[in-house]
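Presented below is the structure to which this report refers.
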Amino acid sequence: MREQRVVLEPFGLSEILQCSGVVCANQHGFMMIKGYMKKEKEGEYLKLLGSSVWASVMVYDEWGKAGVLFTGVVTDGEISVENGLKTLKVKIKTGSFLMDLETHIRTFQSPGCTYDEIFASFGASYQEYGYIMEEGNRKSINRFLCQYQETDWQFAKRLANLCHTVVYPNYIGSGEKLYFGRPMGTNRGGVTLTEYMIRQTKTGVAYEGTLREIYDIGDSVNFNGKNLYVIQRETFYNKGVLYHTYTFGTEKTEEEVENRHLSGVSLEGTVTGVKGTSVTLTIHKDECSGAGRWFPYATVYSSPDGSGWYCMPEKGDRVRLYFPSEDADEAYVLNAMHFENGAGGQRTNPENKSIRNKQGKEILLKPDSILITNNHGMSLELSDDDGISIISDKKIVFESEEAIEITSVSANIDLVSPQKISLKQGNTSMVLSDSMIMQGTKVRLN
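Using numbering that gives the first Met the number 0, read the sequence shown as starting at 0 and increasing by one per residue.
Given below as structure tokens:
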């Protein structure tokens, strides 16, 4: 198709002065169009430019058949007077531009999560969202992904890079729509280029040439015996005629896309499961709000021979998921954070060090003492000032395979009981109660 007439809707231009635009992989398509307008339309057009308006550049061939060259949201517009005539100039971007305005935090933890499921999760943020999976449909990612402070468009490009493909914006209709992979276009047959350029890219050879015919991204052509695809279209206006510089390629164009903001980030979460040395958790700011991946839990010290520190968090504990690099698959969980709710002010003195579980069992290291307690009537305290204190609301048992020795070097040994004290060795015993009873084969009193 070759255009004979160019129309900008919903704006009416009596004559086109300028028209240029580009559609390519991994970028928002854009178009700029300028032309003369009717002066009485100024108020109407200013009102349109002040709202969120979609515009289409329509083309008509010599038989009056209409086609859409480009559709997008108007991002900029101006009315000016040149040589006594009013002109309107608008800049249009594809609806994918609306996916590149707001950043999000989402984690995709399920090992069976597919590309299609991830793109479906974007939908709640937009009014006319849509996507076509030209590649990767129902394909599992098989890794942990984190969208951190990325727009959906940025994240879509990173997903495409993982799948060894690209994303294209939809430039034919309105809405926040994209293609995952090169669109499936129409077979245009043979093409003749009198002038062209050959470029070597990272993924293959590309041919570049200018034509009057209007092709769409993904259309296939045959040039010099090679089957090629339209992977880029650049439009320009010259002397009242539209021209299109196409890039034809045999392979998909790819680029390295990473989220460099992710390296060094930690996200707060709540533990939902514990197993061995791993935990599952939900991320507090996660818009997807789901768990499922087992993350390794970092410890103070660990050795391959089994020695080290093993102290895992429990369900409900708040921890941080740490990302040491841009690769989310390397993420691990850091030590739990301090929260005073329910701690009863036990963490107010930094000189005191403690280990405590939720059942109240505690080892407390103070500057002048060591305390082991269940906080329910049992404790063992080693005090620099008061010595050793053992307190229990249950019985205390001393048992040894060998000797037990109790010695006081310079003071007394006191045994005190409100009922009785018993000493027994073999068949010999002594009981102290209200009276003293001694038994044995021989009893000697001096």
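The beta-carbon is built from N, C-alpha and C at its ideal position, and this holds for glycine as well.
Taking the alpha carbon of D218 as the point to measure from, which residue in T246, R187, G248 has its own alpha carbon closest? Residue R187 is the option with its Cα nearest to D218.
Counting pairs of Cβ atoms below 8 Å between the segment 197 to 206 and the segment 14 to 21, do you hit three or more? Result no; under three Cβ-Cβ pairs closer than 8 Å.
Can you give the Cα-Cα distance for L45 and I78, rounded to whole angstroms? Distance between the alpha carbons of L45 and I78 is about 8 Å.
Do G111 and S139 count as a contact pair if the criterion is CB distance below 8 Å? Against a cut-off of 8 Å, the Cβ pair of G111 and S139 comes out as a contact.
Looking at E228: is its Cβ nearer than 8 Å to the Cβ of G71? Residue 228 is actually Tyr in this sequence, not Glu. With contacts defined as CB atoms closer than 8 Å, Y228 and G71 fail to qualify as a contacting pair.
Assign N258 to one of two classes, buried (16 or more other C-beta atoms within 10 Å of its C-beta) or exposed (fewer than that). Flag for N258 reads buried.
Considering just the uninterrupted stretch of the beta strand (DSSP E) at K156, what are its terminal residues? Counting along the chain, K156 falls outside any beta strand (DSSP E), though it belongs to the alpha helix (DSSP H) covering 151 to 161.
Please work out which residues of its chain come closer than 8 Å, Cβ to Cβ, to F143, disregarding the five sequence neighbours upstream and downstream, and give them in chain order. By the criterion of a C-beta distance shorter than 8 Å, F143 is surrounded in its chain by T106, F107, Q108, R292, A327, D328, A330, once the five residues flanking it on both sides are discounted.
So, at 7 Å on beta carbons, what are the nonlocal neighbours of L422 in its own chain, with the 5 sequence-adjacent residues on each side left out? Same-chain partners within the cutoff: S428, M429.
Does P323 pass the burial test, meaning 16 or more other C-beta atoms within 10 Å, or should it be called exposed? Under this definition P323 is an exposed residue.
For I446, does the three-state DSSP call read helix, strand or coil? Outside the shown range of the chain, which is 0 to 445, sits residue 446, and nothing can be said about it.
Where G446 and K156 are concerned, what is the direct C-alpha to C-alpha distance, given to the nearest angstrom? A query on residue 446 cannot be resolved here, the shown segment of the chain reaching from 0 to 445 and no further.
Taking the alpha-carbon positions, what's the A159 to N82 distance? When rounded, the distance between both Cα atoms is 49 Å.
Buried versus exposed, by CB contacts within 10 Å (16 or more), I216: Burial state of I216 is buried, judged by a 10 Å Cβ sphere holding 16 or more other Cβ atoms.
Nonlocal neighbours in the same chain, by C-beta distance under 6 Å from T298, ignoring five residues either side: Excluding the 5 residues flanking it on each side, T298 has same chain C-beta neighbours closer than 6 Å at W308, in chain order.
Environment of H103 [buried if 16+ CB atoms lie within 10 Å]: Its Cβ being crowded by 16 or more others within 10 Å, H103 is buried.
Identify which residue in Q153, G172, E175, S173 has its Cα closest to the Cα of V165. Of the listed residues, the one whose Cα sits closest to V165 is Q153.
Quick one: grab the DSSP three-state call for M183. In the three-state DSSP reduction, M183 falls in the coil class, being neither helix nor strand.
At which residues does the alpha helix (DSSP H) containing K46 begin and terminate? For K46, the enclosing alpha helix (DSSP H) stretches over residues 41 to 48.
Which runs of the beta strand (DSSP E), 3 residues or longer, sit entirely within the segment 266 to 324? Entirely contained in the segment 266 to 324, the beta strand (DSSP E) runs reaching 3 residues are, in chain order, 277 to 282, 317 to 321.
Check each candidate in L370, K393, I395 and name the one with the smallest Cα separation from D385. The shortest Cα separation from D385 among L370, K393, I395 belongs to L370.
DSSP three-state assignment for A123, whether helix, strand or coil: Helix, per DSSP.
Could you check the C-alpha separation between Q148 and H283 for me, to the nearest Å? Answer to the nearest angstrom: the Cα atoms are 14 Å apart.
Can you confirm whether the segment 86 to 93 touches the segment 122 to 137 when touching is taken to mean that 3 or more C-beta pairs between the two stretches lie within less than 8 Å? Touching, no.
Where do the ends of the beta strand (DSSP E) carrying Y130 lie? Residues 129 to 132.
Alpha carbon to alpha carbon, how far is E233 from T451? Give it in angstroms, no decimals. Residue 451 is absent from the structure shown; the chain starts at 0 and stops at 445.
Alpha carbons only, please: which of T209, S432, S409, L192 is nearest the one belonging to N221? Measuring C-alpha to C-alpha distances from N221 to each of T209, S432, S409, L192 identifies L192 as the nearest.
Would the beta-carbon of V270 fall within 8 Å of that of P312? In this structure, P312 lies closer than 8 Å to V270 by Cβ.
Could you tell me which of E175, L431, G224 sits nearest to V190, measuring between CA atoms? Nearest option by C-alpha distance: G224.
Using a Cβ-based criterion (distance less than 7 Å to any ligand heavy atom), does V72 qualify as near the ligand COA? The ligand COA is not part of the structure shown, which contains no ligands of any sort.
Hey, could you find the ends of the beta strand (DSSP E) A54 is sitting in? Here the beta strand (DSSP E) through A54 covers 53 to 59.
If E2 and L241 are in contact, beta carbons under 8 Å, what's the gap, nearest whole angstrom? Right, the Cβ-Cβ distance comes to about 5 Å (below 8 Å), so this counts as a contact.
Could you give the residue range of the beta strand (DSSP E) that holds I362? Where I362 is concerned, the enclosing beta strand (DSSP E) stretches over 361 to 365.
What whole-angstrom Cβ distance do V73 and V52 have, given they're in contact under 8 Å? Confirmed, about 5 Å.
If the criterion is Cβ atoms closer than 8 Å, does the pair Y167 and P182 meet it? For Y167 and P182, yes; Cβs fall inside 8 Å.
Which residue's Cα is closest to the Cα of S277: K314, L100, E116, M132? Ranked by how close their Cα comes to the Cα of S277, the residues K314, L100, E116, M132 have K314 in first place.
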